[in-house]
Amino acid sequence: MTDDRWLIVLAWQLDRLRWVPDEVLDEVVRRDGTCMHAGVEGEPDWNEEHLTDRALAARLCAGCPVQDECLELELRTAGEHTVGVWGALVEDDRRALHWYWRQRGERAEGGSR
Ligand code: SF4
Numbered sequence: 001m002t003d004d005r006w007l008i009v010l011a012w013q014l015d016r017l018r019w020v021p022d023e024v025l026d027e028v029v030r031r032d033g034t035c036m037h038a039g040v041e042g043e044p045d046w047n048e049e050h051l052t053d054r055a056l057a058a059r060l061c062a063g064c065p066v067q068d069e070c071l072e073l074e075l076r077t078a079g080e081h082t083v084g085v086w087g088a089l090v091e092d093d094r095r096a097l098h099w100y101w102r103q104r105g106e107r108a109e110g111g112s113r
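According to the UniProt record's numbering, the sequence shown is numbered sequentially starting from 1.
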């Protein structure tokens, strides 16, 4: 049995964003997301390092100031069909998180995606 406590804590952490409109989250992530400003000269080519998805997520998203906003937006828009690296998590972790995220507040009352 896996220990999902960290997912429960993360779902709880995202509650603070539950009333933030999608458009606002999208604007914040596009403006402040670290990966949105990639391609800076001198940046390593991570594709050549054959990183695992988890290692890529850790590196790509390290220090990003909008990890929670990115994660909340991805859970809302892609839900359990999420793919790739978003919000500092790989897709398997986000899919597992999605179940817990949906159990919270109004999402559990049928108002969620
Ligand atoms: S959390 Fe990661 S994927 Fe999301 S905006 Fe930040 S760097 Fe990009």
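Beta carbons: idealized from backbone N, C-alpha and C, even for Gly.
Report the rounded CA-to-CA distance for residue 70 versus residue 87, giving the unit in angstroms.
The count along the sequence shown starts at 1 and reaches residue 70 at position 70. The count along the sequence shown starts at 1 and reaches residue 87 at position 87. Taking the straight line from one Cα to the other gives about 5 Å.
Grab the span of the alpha helix (DSSP H) containing residue 24 for me, first residue to last.
As a working mapping, residue 24 is identified with position 24 in the sequence shown. First-last of the alpha helix (DSSP H) with residue 24: 22-32.
What do you get for residue 22, buried or exposed, if any count of 16 or more other CB atoms within 10 angstroms of its CB means buried?
For the purposes of this step, residue 22 is taken as residue 22 along the sequence shown, with counting starting at 1. That one is exposed.
Count the other C-beta atoms from every protein chain shown that fall within 10 angstroms of the C-beta of residue 92, then say buried if there are 16 or more, exposed otherwise.
Locating residue 92 in the sequence shown gives position 92, where the first residue counts as 1. Classification for residue 92: exposed.
Is it the case that the Cβ atoms of residue 60 and residue 35 are separated by a distance below 8 Å?
As a working mapping, residue 60 is identified with position 60 in the sequence shown. As a working mapping, residue 35 is identified with position 35 in the sequence shown. It is a contact, given that the beta carbons lie within the stated cut-off.
Go ahead and pull the three-state DSSP assignment for residue 86.
Here the question's residue 86 lines up with position 86 in the sequence shown. Residue 86: strand per DSSP, three-state reduction.
Exposed or buried, which one is residue 139 when buried takes at least 16 other CB atoms within 10 Å?
The structure shown has nothing for residue 139, since the chain only spans 1 to 113.
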